[in-house]
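Asks: Here you go, one structure.
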Amino acid sequence: MIVPKEGGPEYDRLVTGNALLSLFSLGTLRIRVMKRYLNRELSWLRFNERVLWEAERSSLPLLERTKFLAISASNLDEFFMVRVGGLHALMKAGRRTRDIAGLTPGQQLREITSVVATHYEDQYRIWGTLLEPALAANGIRRRKLKQVTPEARESLRTYFSEEFAELLNPVALDLESPVFRIPGRQVCVLLEVGPQQDESVAERRYVVISIPPGLPRFVPIPDTEGFEYVMFEELIEAFADAYFPEEGIHGSAFFRLTRNGDIPVQEDYAFDLSEAMEEVLTARKFSDTIRLEVPSQTSSELLEVILRLCGAEKESVYHVPSLLDLSSLMFIASLEGFDSLRDTPWKPQPCAALSNQTIFEVLDDRDLLLHHPYDSFEPVVRLVEEAADDPKVVAIKQILYRTAKNSRILSALIRAAQKGKSVVVLVELKARFDEARNLERAEELELAGAQLIYGIKGLKCHAKACLVMRREAGRMRRYVHFGTGNYNESTARLYTDVSYLTARSDYGRDAAAFFNGITGRSQLLGLRKLLPAPLHLKKTLLEFIAFERDQAQMGEKAEILAKINSLQDRDVIDALYDASQAGVTIKLMVRGICCLRPQVAGLSENIVVHSLIDRYLEHARLFAFHRGGEERVFLSSADWMTRNLEKRVELMVPVEDRRCRKMLMDILRKQFKDNIQAWWLDGEGNYGPAISGQKTAYRLQEHFTKEAAKRAQEDQRQAAGVLEMHLPPSRSQAS
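So for the sequence shown, this note's numbering puts the first residue at 87; every next one is plus one.
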């Protein structure tokens with residue numbers, strides 16, 4: 087790691103970063119390293135640690151810090167449901183298979199438990215000592231119900247009674263039999279109910295009331311300034327006596343459980359995949375409890391009751407000092423009327439050519455490479471919308487993995503099918519935690535007349551591709567979109583991704599063959615440009631890495647640049663190690679999981695790994711190989727993980743258009759210049775502030791925002807045909 091000279095932004099950042107690391111007890115923890123690889127689960131926890139660090143930064147606006155705290159909690163929820171849930175299932179089945187780092191499931195769970203305990207400490211320290219007091223000082227204040235005035239309490243009781251009492255569902259539970267009805271990831275209130283004067287517990291029963299999605303956790307207190315609130319579970323606890331006339335509530339406690347969400351569909355035995363997915367959704371509601379969160383002040387007697395009701399073990403309990411479910415703080419982060427406490431918005435830039443041309447006219451003239459969210463996602467939406475309404479368009483083929491709630495793209499596909507166009511849509515029902523929405527969307531498309539494919543047996547279809555076939559002057563013209571992100575207008579404003587739109591005939595032919603191969607279950611042979619997984623992508627990737635290795639061994643320049651979300655595949659890591667030992671310069675921007683150990687003497691000293699956490703979620707997958715001076719540049723839907731390369735349908739797409747390739751290389755090279763938000767990975771699995779060698783502060787996402795604005799301004803001038811002169815400065819300007 088390069089240590090900067092004293093003074094300047096990079097030295098300040100290093101000092102700040104080291105101080106930041108010292109605030110986190112996890113910052114001094116060394117991830118267990120075995121042989122050549124880092125453990126996947128602990129590497130992911132390191133990523134979430136970096137997300138949490140953003141909540142620590144005093145330089146960020148207060149509500150942005152609150153947002154990052156909420157994101158870190160939401161991330162941890164999914165980690166428990168999927169990764170910890172999967173490890174629990176392996177333990178339950180008696181499996182002792184070791185992971186890439188040599189750890190058994192039991193060893194991984196022990197390591198995870200230790201790290202997560204510290205993670206919780208840091209989350210609640212940040213909330214309780216930093217963010218909550220600062221929010222209160224700015225008019226966003228939490229009150230205990232006992233702190234509000236009698237008038238406000240009575241108003242809250244009326245509000246609860248009239249608006250919510252009938253929406254809640256008190257359920258009496260039996261301690262003597264296993265119960266799986268308590269929903270996961272919902273804050274629940276346990277009530278001990280019985281005769282008012284009864285001193286014994288013999289006639290008492292336990293009732294659980296859960297707070298379903300859609301009801302408010304943060305209830306505003308009437309007649310207060312700013313946003314003063316009480317927690318909804320406190321209202322339930324205080325006013326639940328209305329449910330039990332002539333009885334008393336003798337005790338209460340809050341809790342929240344997490345269930346195993348790693349339940350695969352049994353495709354080999356599924357006659358109807360949609361029905362099988364519905365069975366998976368049902369199974370999740372009844373799966374094992376793998377985490378139980380309770381407030382620290384919960385009595386041991388009520389905790390024992392909760393454990394029995396949830397079928398949970400004591401080892402799964404996490405005692406928290408403050409409110410349950412920190413992910414719900416996203417509501418606070420999104421409050422209106424507090425703009426001074428959040429970032430100044432960065433606006434996506436429109437495509438100027440679309441102001442007076444159709445998307446087909448634009449693509450007839452040139453290829454489009456869009457860098458989202460700096461460049462608007464609108465051209466991608468316009469491709470589908472214009473195709474739906476254009477009488478010359480005869481067919482649309484598209485893959486949908488995750489879509490927005492009110493998706494314009496989905497509406498356009500439905501409209502196209504209703505108009506009699508051939509619409510083929512692969513809806514991936516196995517997209518985890520989007521299964522229910524995708525089932526609903528699939529039904530809408532089918533009712534409209536679209537031809538549906540429910541994914542591919544044994545694989546997830548994760549590729550991002552759309553093909554529009556248009557009859558022009560008696561011949562078929564194909565227009566295609568390839569991307570690194572989903573067809574989701576909402577996340578396109580939050581994730582950094584790349585879109586490539588082209589009317590080049592060879593890309594169009596390949597896209598048609600790709601879709602036909604999926605629908606016809608034929609082998610994807612004869613593709614000239616596209617490299618699909620699981621058939622060709624990994625093999626080609628390894629060949630490209632080997633080529634750079636061979637070039638370096640011959641004393642030629644050799645370089646690999648890659649921007650990915652995760653790196654875990656053993657074959658790819660080993661190939662990168664071999665290339666590094668041969669002298670290949672390898673720069674990797676890996677947002678999350680990284681099982682490769684960089685900067686290890688004799689193994690990976692020529693590999694640098696950076697990670698960037700900033701306002702937008704880094705999501706694009708981009709690869710570049712020097713290739714003996716004939717640079718090859720790709721965008722892809724696939725990360726360098728075994729699941730992507732061997733167990734999913736993915737695409738790696740070469741970008742050959744000179745202008746687009748140059749733009750893509752510029753994006754890649756600038757990834758390693760950030761000295762504000764980037765982190766650097768060492769060989770032990772620890773992260774520190776990245777040092778780029780820049781003399782001035784350089785924030786990558788801010789730079790791309792300004793660059794996109796300049797590019798849009800230039801495109802607008804060209805589209806308008808305006809000639810702008812360079813004029814000499816006035817005397818006042820010159821002086």
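Glycine included, each C-beta is placed from N, C-alpha and C at the ideal position.
None of these values were measured; they are calculated from a predicted model.
Would you kindly report the start and end of the unbroken alpha helix (DSSP H) that includes R579?
Replies: Translated into positions along the sequence shown, residue 579 becomes position 493. Counting along the chain, R579 falls outside any alpha helix (DSSP H), and DSSP gives it neither H nor E.
Asks: Any idea what DSSP makes of M727, helix, strand or coil?
Replies: The residue labelled residue 727 in the question sits at position 641 within the sequence shown. Three-state DSSP puts M727 in coil, outside helix and strand.
Asks: Helix, strand or coil, according to DSSP, for Y355 in the structure here?
Replies: Indexing the sequence shown from 1 puts residue 355 at position 269. Here Y355 scores only 38 on pLDDT, less than 50, and its place in the model should not be relied on; the value that follows carries that caveat. Y355: helix per DSSP, three-state reduction.
Asks: Under a three-way DSSP split, which group does D801 fall into?
Replies: Here the question's residue 801 lines up with position 715 in the sequence shown. Looking at D801 - three-state DSSP - the assignment turns out to be helix.
Asks: If you compare alpha carbons, which of L189, L412, A661, E278 is closest to D208?
Replies: Numbered from its first residue, the sequence shown carries residue 208 at position 122. Among L189, L412, A661, E278, the Cα nearest to that of D208 is on L412.
Asks: Helix, strand or coil for C396 per DSSP?
Replies: Here residue 396 refers to the residue found at position 310 of the sequence shown. Reduced to three states, the DSSP call for C396 is helix.
Asks: I need the straight-line Cα distance from G779 to K759, nearest angstrom please.
Replies: For the purposes of this step, residue 779 is identified with residue 693 of the sequence shown, where counting begins at 1. For the purposes of this step, residue 759 is identified with residue 673 of the sequence shown, where counting begins at 1. Approximately 8 Å, taken between the alpha carbons.
Asks: Count Cβ pairs between the stretch 396–411 and the stretch 424–442 that sit closer than 8 Å; are there 3 or more?
Replies: Because the criterion of three Cβ pairs below 8 Å is not met, the stretch 396–411 and the stretch 424–442 do not touch.
Asks: I want to know whether the stretch 230–248 touches the stretch 419–436 - three or more CB-CB distances under 8 Å.
Replies: No, the stretch 230–248 does not touch the stretch 419–436.
Asks: Am I right that G544 and H458 are in contact with their C-beta atoms under 8 Å? What's the rounded C-beta distance?
Replies: The residue you call residue 544 lines up with position 458 of the sequence shown. The residue you call residue 458 lines up with position 372 of the sequence shown. Wrong, their Cβ atoms sit about 31 Å apart, outside the cutoff.
Asks: What ranges does the beta strand (DSSP E) occupy inside the stretch 652–682, keeping only unbroken runs of at least 3 residues that lie completely in it?
Replies: Counting whole runs of 3 or more residues, the stretch 652–682 contains the beta strand (DSSP E) stretches 671–676.
Asks: Between which two residues does the beta strand (DSSP E) carrying I542 extend?
Replies: Here residue 542 corresponds to residue number 456 of the sequence shown, with the count starting at 1. Per DSSP, I542 belongs to no beta strand (DSSP E) and is neither H nor E.
Asks: Taking the straight line between their C-alpha atoms, what separation do you get for D583 and A706?
Replies: Within the sequence shown, the letter at position 497 stands for residue 583. Within the sequence shown, the letter at position 620 stands for residue 706. The alpha-carbon atoms of D583 and A706 are separated by roughly 4 Å.
Asks: Between T152, G188, S247, W139, which lies nearest to L123 when the distance is taken from Cα to Cα?
Replies: In the sequence shown, the residue the question calls residue 123 occupies position 37. The question names Leu, but residue 123 is Tyr in the sequence shown. For Y123, the nearest C-alpha among the options comes from G188.
Asks: For the beta strand (DSSP E) that Y315 lies in, which residues bound it at each end?
Replies: Looking up residue 315 in the sequence shown gives position 229. 313–317 is the extent of the beta strand (DSSP E) around Y315.
Asks: How would you label P219, buried or exposed, when you count the other beta carbons within 10 angstroms and need 16 or more for buried?
Replies: Locating residue 219 in the sequence shown gives position 133, counting from the first residue. So P219 ends up on the exposed side.
Asks: Quick one: using the 10 Å Cβ neighbour count with 16 as the cut-off for buried, is E319 buried or exposed?
Replies: Against the sequence shown, residue 319 aligns to sequence position 233. When all chains shown are included, E319 counts as buried.
Asks: CB L486 to CB V513, shorter than 7 Å?
Replies: Within the sequence shown, residue 486 is the residue found at index 400, counting from 1. Within the sequence shown, residue 513 is the residue found at index 427, counting from 1. Yes, they are a contact pair.
Asks: Near N692, what residues of its chain come up, given a Cβ to Cβ distance below 7 Å and the 5 sequence neighbours on each side ignored?
Replies: Taking the sequence shown and counting its residues from 1, one reaches residue 692 at position 606. Once the five neighbours on either side are set aside, the close Cβ partners of N692 are S666, G669, V670, T671, I672.
Asks: Going by DSSP, name the residue or residues bridged to A274.
Replies: Along the sequence shown, one-based indexing puts residue 274 at 188. The question names Ala, yet the displayed sequence has Cys at residue 274. The partner list for C274 (beta bridge, DSSP) reads S296, F341.
Asks: Going by beta carbon distance, what residues of the same chain come within less than 6 Å of S241, once the five residues before and after it are set aside?
Replies: Position 155 of the sequence shown, counted from the first residue, corresponds to residue 241. Taken in chain order, the residues that qualify are P308.
Asks: For I631 and L128, I'd like the C-alpha separation in whole angstroms.
Replies: In the sequence shown, residue 631 corresponds to position 545, counting from 1. In the sequence shown, residue 128 corresponds to position 42, counting from 1. Looking at the two C-alpha atoms, the distance is approximately 27 Å.
Asks: Considering Cα atoms alone, identify which of N730, M749, D700 is closest to V719.
Replies: Translated into the one-based positions of the sequence shown, residue 719 becomes position 633. When each option's Cα is compared against that of V719, the closest is M749.
Asks: Looking at C-beta atoms only, is the number of pairs between the stretch 394–409 and the stretch 138–146 that lie closer than 8 Å three or more?
Replies: The stretch 394–409 is not in contact with the stretch 138–146.
Asks: Can you give me the C-alpha to C-alpha distance between L621 and E732, rounded to a whole angstrom?
Replies: Here residue 621 is taken as the residue at index 535 of the sequence shown, counted from 1. Here residue 732 is taken as the residue at index 646 of the sequence shown, counted from 1. If I take the Cα positions, the gap works out to 8 Å.
Asks: Express the C-alpha separation of E716 and E770 in angstroms, rounding to a whole number.
Replies: Stepping through the sequence shown from its first residue, residue 770 is reached at position 684. Stepping through the sequence shown from its first residue, residue 716 is reached at position 630. Going from the Cα of E770 to the Cα of E716 covers about 35 Å.
Asks: Give me the Cα-Cα distance between R755 and S382, rounded to the nearest whole angstrom.
Replies: Position 669 of the sequence shown, counted from the start, is the residue given in the question as residue 755. Position 296 of the sequence shown, counted from the start, is the residue given in the question as residue 382. When rounded, the distance between both Cα atoms is 48 Å.
Asks: DSSP three-state label for P465, please.
Replies: Taking the sequence shown and counting its residues from 1, one reaches residue 465 at position 379. In this structure, P465 counts as helix in the three-state DSSP scheme.
Asks: Evaluate the contact criterion for the stretch 266–273 versus the stretch 338–345: three or more CB pairs, one atom per stretch, below 8 Å.
Replies: The answer is yes - the stretch 338–345 touches the stretch 266–273, with three or more Cβ pairs under 8 Å.
Asks: Does A490 come out as helix, strand or coil in the three-state DSSP assignment?
Replies: As a first step, residue 490 must be located in the sequence shown, where it is residue number 404. Three-state result, A490: coil.
Asks: How would you write the range of the beta strand (DSSP E) that C746 sits in, first residue to last?
Replies: Here the question's residue 746 lines up with position 660 in the sequence shown. From DSSP, C746 is part of no beta strand (DSSP E) but of the alpha helix (DSSP H) over 744–756.
Asks: Using only CA atoms, which one of P281, D475, A419, A795 lies nearest to P331?
Replies: To locate residue 331, count along the sequence shown from 1; it is residue 245. If we check each option's Cα against that of P331, P281 comes out closest.
Asks: Counting only the same chain and skipping the five closest in sequence on each side, list residues whose C-beta sits under 6 Å from that of E365.
Replies: One-based indexing of the sequence shown puts residue 365 at position 279. Note that E365 has pLDDT 46, beneath the 50 cutoff, so the model's placement of it is unreliable and the number below is only indicative. No residues qualify anywhere along the chain.
Asks: Between the C-alpha atoms of L217 and T204, what's the straight-line distance to the nearest angstrom?
Replies: Indexing the sequence shown from 1 puts residue 217 at position 131. Indexing the sequence shown from 1 puts residue 204 at position 118. About 18 Å.
Asks: Does P299 pass the burial test, meaning 16 or more other C-beta atoms within 10 Å, or should it be called exposed?
Replies: Counting from one through the sequence shown, the residue named residue 299 turns up at place 213. Result: exposed.
Asks: Return helix, strand or coil for L587, following the three-state DSSP convention.
Replies: Stepping through the sequence shown from its first residue, residue 587 is reached at position 501. Note: L587 maps to strand in three-state DSSP.
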